[in-house]
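Residue numbers for the sequence shown follow the working numbering, beginning at 679 and rising by one.
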Amino acid sequence: MADGNSLFGVHGAALAVRSQRLSLLASNIANAATPGYKARDLDFETAMKQVSNGMGANQAAENSVGYRIPISPSLDGNTVELSTEQTLFAENAVQYRTSLAFLEGRISTLKRALKGE
């Protein structure tokens, strides 16, 4: 795997991709009232497929970014639908924490192994 993920499996790459997605969703939420702002999102599945094919997590995330098509477009050209963005942000945050918890457990196991416990 790319980015040195052999030690942590796919979870290291997943954490990096989810982190970039959190940034995009936070940007969408912050720009909910900005006229003409186009909401963007990252296709996590596509990014992870690219990672499994040997691409680095950051590059895969950048390649998987696209614009969201709104359900009900606003008159000022802004495509952010705040409730959608907040829901996606919360879901992604939970998934991020899950990946982080797995990695913390893996690191803890490795530390114990190195100490001979």
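Think of the CB as a built atom: it goes at the ideal place given N, C-alpha and C, for glycine as much as any other residue.
Since we're looking at a predicted model, the values are computed, not measured.
So the alpha helix (DSSP H) residue i belongs to, where does it begin and stop?
{"i": "Arg746", "result": "First-last for Arg746: undefined, no H or E at that position."}
{"i": "Leu792", "result": "Leu760 to Lys793"}
Quick check: what's the CA-CA separation for residue i versus residue j?
{"i": "Asn709", "j": "Leu788", "result": "42 Å"}
{"i": "Asp721", "j": "Ser697", "result": "13 Å"}
{"i": "Asp719", "j": "Ala691", "result": "17 Å"}
{"i": "Ala711", "j": "Ala768", "result": "20 Å"}
{"i": "Ser750", "j": "Pro713", "result": "15 Å"}
Compute every distance between the C-beta of residue i and the non-hydrogen atoms of the ligand SAH, then say whether any falls below 6 Å.
{"i": "Ser752", "result": "For the structure depicted, the ligand SAH is absent and the ligand set is empty, with no information on it obtainable."}
Assuming residue i is part of the beta strand (DSSP E), what are its boundary residues?
{"i": "Leu753", "result": "That residue, Leu753, is in no beta strand (DSSP E); it is neither H nor E in DSSP."}
Among the candidates the options, whose CA atom is the shortest distance from the CA of residue i?
{"i": "Asn706", "options": "Glu759, Ala691 and Ala694", "result": "Glu759"}
{"i": "Ser761", "options": "Val743, Pro748 and Glu795", "result": "Pro748"}
In the DSSP assignment, what residue or residues form a beta bridge with residue i?
{"i": "Asp719", "result": "Gly744"}
Within the same chain, show all residues whose beta-carbon is closer than 7 Å to that of residue i, passing over the 5 residues directly before and after it, in chain order.
{"i": "Leu746", "result": "Per the sequence shown, the amino acid found at residue 746 is Arg instead of Leu. Counting only Cβ-Cβ distances below 7 Å, and skipping sequence neighbours, we find Ala717, Arg718, Asp719 and Thr757."}
So, for residue i: in the same chain, excluding its five sequence neighbours on each side, which residues have a beta-carbon less than 8 Å away from its beta-carbon?
{"i": "Val688", "result": "Met679, Met726, Val729 and Ser730"}
{"i": "Leu766", "result": "Leu703 and Asp719"}
If I measure Cβ to Cβ from residue i and keep anything under 6 Å in the same chain, skipping five residues before and after, which residues do I get?
{"i": "Arg699", "result": "Leu720 and Asn770"}
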